[in-house]
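Let me begin by presenting the structure, written as structure tokens, before commenting on it.
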Amino acid sequence: MWNKPFGYSEYILIGGGVTFIGAMLQITVGAIDWSLIAFPANVILLCLFVAIMVTMHLMRGKVYLFRCMSESRMAVVAIATVTLLTFIMGMLRQDGAASADKFSFGFHSMLHAWWYVLPFIWLTLCLGLTALRRTIPFHFRDLPFMLNHWGLFVVLLCATLGSADIQQLNMPTFPGKPEWRAVDTKGKIHELPIAIELQKFTMEQYPARLMIIDNNTGTAQPEGRPQTLGIDEKLGQILDWRIKVDKYLEYAAPVGINGNKIKYVGWGTDGATDAALITATNVKTSQKLQGWISCGSYLFPFNVMKLNKAISLVMAECEPKKFSSDVKIYTDEEKVYAGRIEVNKPFSVMGWKIYQLDYDKEKGRWSEMSTFQLVKDPWLPAVYAGIFMMLAGAIGLFLRKNDKKQD
Amino acid sequence: MWNYFIIFAVVAVVLWIIGSVASYRQSKPWLIYGATSLGIAVFLFYIILLWMQLSRPPLRTMGETRLWYSLFLPLAGMATYMRRKYRWVIGFGTLLAIVFICINILKPDIQSKSLMPALQSPWFAPHVIVYMFAYALFGVAALSAIYIQWKKQGDMHGCDDLVYLGFSFLTIGMLFGAFWAKEAWGNYWAWDPKETWAAITWFTYLIYIHYRQVGSSSPRTATILLVVAFVFLQVCWWGINYLPAAQNMSMHTYNLG
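Residue numbers (this note's numbering), protein chains in the order written: chain Z, 550 to 956; chain C, 1392 to 1648.
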């Protein structure tokens, strides 16, 4: 043991040791509170980390351990340690910061546990030292290696240190009422240098779908492999019933209640529901039924077509295809922007990205509320720089010269 | 369209088997490459038809991702054959493709045209297709490694090729996912269970790559690593839906409906 050159057993002991130190820290100091490293502490830590790394690199001739840290076997053990710990994380339910109790060992909040984070720091240090060793002296042929290693180094370091500076706030808005306050995950209200005024919330829906359900259980039929029929398909068959769509109204309201018969007419205002006139024919018995069905809205109840004692034809609630908010954004620099925010298309202003998050689900397409998420991540450009390096490195891997063993 | 799947699948599989047998018997190259490529073309043609019928990329349900996987497997096998001339490798790609085609025949997912707003993104198709290609390469790599160990013949260089290529695609798929997540959810990485398992898989292949750099690496350990990594990959792809720790926790749940 501990004879030079070190082998796997020594490296595994080092990996275990780092994790053990992490566990001791967890017991004595308690869970990591990431908010403590918010700016400027994270910048100081970054400088410190790089300074330590460069010093270790310079002293690698004198200190054997520092030399080992950029060795392939060390990389294998460092990555394996982190993988094993991440595997534990994948197997256990993670409850996030909420359960990061100062005195818990952190199995359910591993991102706040010293024994998870410390091996990551160790891996990042090994990674940085390896990248440094291959960068000085510079050889053009090592470029893919540098991009892969420096890229991951930048991503790991900046994403971790930058996480404390990320602001993520939710802001519900209503038409015509500019809002400048937003709530963070802990429920604290923040006043922002920008205000959002909702002009209009719009939702497009997919055409309604028809299905047959069991009258007692409500489960879609055939059980286990339910069939549906798009209203735009106009004609189809589910189980023994041939279904024909005679009329489809996208905006409708029920009228003329005559005994049990409900009829729907076109109606274009708030609360309108989808409705369809259906003819259902049983292919075995030739029994024919006709009637209106509707999925209902917050204003009107749904309406089903009872086919027999056991089953009914129903219209499922329409799935949203697209929802967006037309907004005006005011800044404290007295600038006004107009734009549309939708899922996958956030709006950027003054370092904030504004996302379409939610709406009043109860009211669906008639929602008068639109909730936005506002995210500010000052370290994003650095993380993206690392990601682009990794992408370039991945292409380099792809084009790699074959079979050249590198150590 | 889904009802016609079996016809296209059978034609493609027959062509792939012809290609596999031809390569195993070291027949004429035109027969090996011709039959395998034609099978791939037939299968791809079906995917394109399905795409047109659904009016969206067929990448949403598990069944749809399995289609791409089955498409890429023989392609990965053929690419390895071109480079390394392992006569059994197209056969392995075909074998694994048949397994996933059978799953699709026995358990087709409900095909609906709808695509929820979060999936309507230019990143959707590249993210999933690149991942599926990586998965196919890793599948062939794992089977090849087991075969090499079992027969005690050949070296691991072919597996290295597959892993390097697969790893570059895996990395690209993951990073595309990060860009997309930032646009859709506001975070490029959130340690969602799917992301955690993607990290586990990515790290395990990274161990393999570094392990093979060490001069004295044992092919046996390398093979074990490839098999373990492949199991992790399956957990990440679909096994996660059955993991108690990941129930109702993941944002990546579009493929369940």
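Using N, Cα and C, we set each Cβ at its ideal position, and we do this for glycine too.
### Task
Round the Cβ separation of Ala1467(C) and Val1531(C) to the nearest angstrom and send it over; I've been treating them as touching at under 8 Å.
Translated into the one-based positions of the second sequence, residue 1467(C) becomes position 76. Translated into the one-based positions of the second sequence, residue 1531(C) becomes position 140. Sure, about 5 Å apart at Cβ, within 8 Å.
#### Entry: CB contact flag (Trp1407(C), Ala1488(C), <8 Å)
By one-based count along the second sequence, residue 1407(C) stands at place 16. By one-based count along the second sequence, residue 1488(C) stands at place 97. Yes, the Cβ-Cβ distance between Trp1407(C) and Ala1488(C) is below 8 Å.
### Message
Three Cβ pairs or more, each shorter than 8 Å: is that satisfied between the region 740–756 of chain Z and the region 847–865 of chain Z?
### Response
Taking 8 Å as the limit for Cβ pairs, the verdict is that the region 847–865 of chain Z does not touch the region 740–756 of chain Z.
### Message
Going by DSSP in three states, Ala627(Z) sits in which element: helix, strand or coil?
### Response
As a working mapping, residue 627(Z) is identified with position 78 in the first sequence. Ala627(Z) falls in the helix class under three-state DSSP.
### Task
Show which residues of chain C have a CB atom less than 9 Å away from the CB atom of Leu641(Z).
For the purposes of this step, residue 641(Z) is identified with residue 92 of the first sequence, where counting begins at 1. Neighbours of Leu641(Z) on chain C, chain order: Ala1636.
### Task
Determine the chain C residues that contact Gln922(Z) at a beta-carbon separation under 9 Å, and present them in chain order.
Translated into the one-based positions of the first sequence, residue 922(Z) becomes position 373. For Gln922(Z), the chain C residues whose C-beta falls within less than 9 Å of its own C-beta are Trp1576 and Gly1577, listed in chain order.
#### Entry: Tyr1579(C) - DSSP class collapsed to helix/strand/coil
As a first step, residue 1579(C) is located in the second sequence; it is residue number 188 there, counting from the start. Residue state for Tyr1579(C) is assigned as coil, using DSSP reduced to three classes.
### Message
Let me see if you follow: with CB-CB separation under 8 Å, is Leu1647(C) close to chain Z or not?
### Response
For the purposes of this step, residue 1647(C) is taken as the residue at position 256 of the second sequence. Residue confidence is low: Leu1647(C) scores 47 on pLDDT, short of 50, so the model does not pin down where it sits. Its coordinate-derived value is still stated next. No, Leu1647(C) lies away from the interface with chain Z (no Cβ there is under 8 Å from its Cβ).
### Task
Rounded to whole angstroms, what's the CA-CA distance from Leu946(Z) to Ile1600(C)? Just pull it up for me.
The count along the first sequence starts at 1 and reaches residue 946(Z) at position 397. The count along the second sequence starts at 1 and reaches residue 1600(C) at position 209. If I take the Cα positions, the gap works out to 11 Å.
### Query
Between which two residues does the alpha helix (DSSP H) harbouring Ser1414(C) extend?
Walking along the second sequence from the start, residue 1414(C) turns up at place 23. In the DSSP assignment, Ser1414(C) falls within the alpha helix (DSSP H) that extends over Phe1396 to Tyr1415.
### Query
Should Trp1629(C) be labelled buried (16 or more other beta-carbon atoms within 10 Å of its own) or exposed?
Taking the second sequence and counting its residues from 1, the one referred to as residue 1629(C) is at position 238. By the C-beta density criterion, Trp1629(C) is exposed, having fewer than 16 other C-beta atoms within 10 angstroms.
### Message
Measuring straight from C-alpha to C-alpha, what distance separates Phe702(Z) and Tyr933(Z)?
### Response
The count along the first sequence starts at 1 and reaches residue 702(Z) at position 153. The count along the first sequence starts at 1 and reaches residue 933(Z) at position 384. The alpha-carbon separation between Phe702(Z) and Tyr933(Z) amounts to approximately 12 Å.
### Message
According to DSSP, simplified to helix, strand and coil, what is Arg1451(C)?
### Response
Residue 1451(C) sits at position 60 when you count from the first residue of the second sequence. Arg1451(C): coil per DSSP, three-state reduction.
### Task
Could you spell out the range, first to last residue, of the beta strand (DSSP E) harbouring Met864(Z)?
Sequence index remark: in the first sequence, residue 864(Z) carries index 315 (1-based). Here the beta strand (DSSP E) through Met864(Z) covers Ile860 to Ala865.
### Task
Examine chain Z for any beta-carbon lying closer than 8 Å to the beta-carbon of Thr1562(C), and answer yes or no.
Residue mapping note: residue 1562(C) aligns to position 171 of the second sequence, counting from 1. It does: the Cβ of Thr1562(C) has a partner Cβ on chain Z nearer than 8 Å.
### Cβ shell of Tyr797(Z) (< 6 Å), same chain only, five flanking positions each side left out
As a first step, residue 797(Z) is located in the first sequence; it is residue number 248 there, counting from the start. Cβ neighbours of Tyr797(Z) within its own chain (closer than 6 Å, five residues either side excluded): Ile780 and Ala825.
### Query
To which residues of the same chain is Ala590(Z) closer than 7 Å at the C-beta, ignoring the five residues directly before and after it?
Taking the first residue of the first sequence as position 1, residue 590(Z) is located at position 41. Closer than 7 Å at the Cβ level, and outside the excluded window around Ala590(Z), lies no residue.
### Query
Which residues mark the beginning and the end of the alpha helix (DSSP H) in which Pro693(Z) is found?
Residue numbering aside, residue 693(Z) sits at position 144 when the first sequence is read from its first letter. That run of the alpha helix (DSSP H) goes Leu692 to Gly711.
### Message
For chain Z, check one thing: does any of its Cβ atoms lie closer than 8 Å to the Cβ of Ser1446(C)?
### Response
Working through the second sequence from its first residue, we reach residue 1446(C) at position 55. Interface annotation, Ser1446(C): not in contact with chain Z, CB-CB separation never under 8 Å.
### Query
Using Cβ-Cβ distances below 8 Å, what residues of the region 745–763 of chain Z are close to chain C?
Only those residues of the region 745–763 of chain Z whose C-beta falls short of 8 Å from the nearest C-beta of chain C are listed: Tyr755 and Arg758.
### Query
Can you tell which of Phe849(Z), Gly845(Z) and Gly840(Z) has its C-alpha closest to the C-alpha of Lys855(Z)?
On the first sequence, residue 855(Z) is found 306 positions in, with the first residue counted as 1. Per the Cα distances, Gly840(Z).
### Message
Give me the chain Z residues within the contact set of Thr1587(C), using Cβ-Cβ distance strictly less than 7 Å, ordered along the chain.
### Response
To locate residue 1587(C), count along the second sequence from 1; it is residue 196. Ordered by position in chain Z, the residues that pass the 7 Å Cβ test against Thr1587(C) are Thr635, Met638 and Gly639.
### Query
Opposite Val794(Z) in the DSSP bridges: which residues?
Along the first sequence, read from residue 1 onward, the residue named residue 794(Z) stands at position 245. DSSP lists Ile827(Z) as partners of Val794(Z).
#### Entry: Beta-ladder partner(s) of Ser873(Z), from DSSP
Walking along the first sequence from the start, residue 873(Z) turns up at place 324. DSSP lists Thr751(Z) and Glu891(Z) as partners of Ser873(Z).
### Message
Give me, in chain order, the residues of the same chain whose beta-carbon lies closer than 8 Å to that of Gly900(Z); leave out the 5 immediate sequence neighbours on both sides.
### Response
Residue 900(Z) sits at position 351 when you count from the first residue of the first sequence. Lys925 and Pro927, listed in sequence order.
### Query
Can you tell me whether Val892(Z) is buried or exposed, with buried defined as 16 or more other CB within 10 angstroms of its CB?
Sequence index remark: in the first sequence, residue 892(Z) carries index 343 (1-based). Buried, by the Cβ-count rule.
### Query
Whose C-beta lies closer than 8 Å to the C-beta of Glu917(Z) among residues of the same chain, with five residues either side of it excluded?
What you label residue 917(Z) is simply residue 368 of the first sequence in a count that begins at 1. Taken in chain order, the residues that qualify are Phe723, Pro724, Phe750 and Asp909.
### Task
Put Leu778(Z) into one of helix, strand or coil per three-state DSSP.
One-based indexing of the first sequence puts residue 778(Z) at position 229. Note: Leu778(Z) maps to strand in three-state DSSP.
### Message
Are the CB atoms of Cys1627(C) and Ala1589(C) within a distance shorter than 8 Å?
### Response
Counting from one through the second sequence, the residue named residue 1589(C) turns up at place 198. Counting from one through the second sequence, the residue named residue 1627(C) turns up at place 236. Yes, they are a contact pair.
### Task
In the DSSP assignment, find the alpha helix (DSSP H) that holds Ala1620(C) and state where it starts and stops.
The count along the second sequence starts at 1 and reaches residue 1620(C) at position 229. Under the DSSP assignment, Ala1620(C) falls in the alpha helix (DSSP H) whose first and last residues are Pro1610 to Trp1628.
### Query
Going along the region 890–914 of chain Z in order, which residues come within less than 8 Å of chain C, judged by CB to CB distance?
Close to chain C, meaning a Cβ-Cβ distance shorter than 8 Å, are the following residues of the region 890–914 of chain Z: Glu891, Val892, Asn893, Lys894, Pro895, Lys902 and Tyr904.
### Query
So, does the CB of Met1640(C) fall closer than 8 Å to a CB anywhere in chain Z?
Numbered from its first residue, the second sequence carries residue 1640(C) at position 249. Proximity of Met1640(C) to chain Z, defined by a Cβ-Cβ separation below 8 Å, is satisfied.
### Message
For a contact defined as C-beta to C-beta under 9 Å, what are the partners of Pro927(Z) on chain C?
### Response
In the first sequence, the residue the question calls residue 927(Z) occupies position 378. Chain C residues near Pro927(Z): none, gap ~14 Å exceeds 9 Å.
### Query
Which residues in chain C sit within 8 Å of Leu710(Z), going by Cβ to Cβ distance?
Start at 1 with the first residue of the first sequence, and residue 710(Z) comes out as number 161. The premise fails here: Leu710(Z) is roughly 14 Å from chain C at the closest Cβ pair, so nothing lies under 8 Å.
#### Entry: Pick from Asp819(Z), Ala662(Z) and Thr834(Z) that is closest to Tyr847(Z), judged by C-alpha positions
For the purposes of this step, residue 847(Z) is taken as the residue at position 298 of the first sequence. If we check each option's Cα against that of Tyr847(Z), Asp819(Z) comes out closest.
### Query
For Lys954(Z), which residues from the same chain have a beta carbon less than 8 Å from its beta carbon, with the 5 sequence-adjacent residues on both sides left out?
Here residue 954(Z) corresponds to residue number 405 of the first sequence, with the count starting at 1. Its pLDDT being 41, under 50, Lys954(Z) is placed unreliably in this model, and the value from its coordinates should be taken loosely. Setting aside the 5 residues that flank it on each side, Lys954(Z) has no residue in the same chain whose C-beta is closer than 8 Å to its C-beta.
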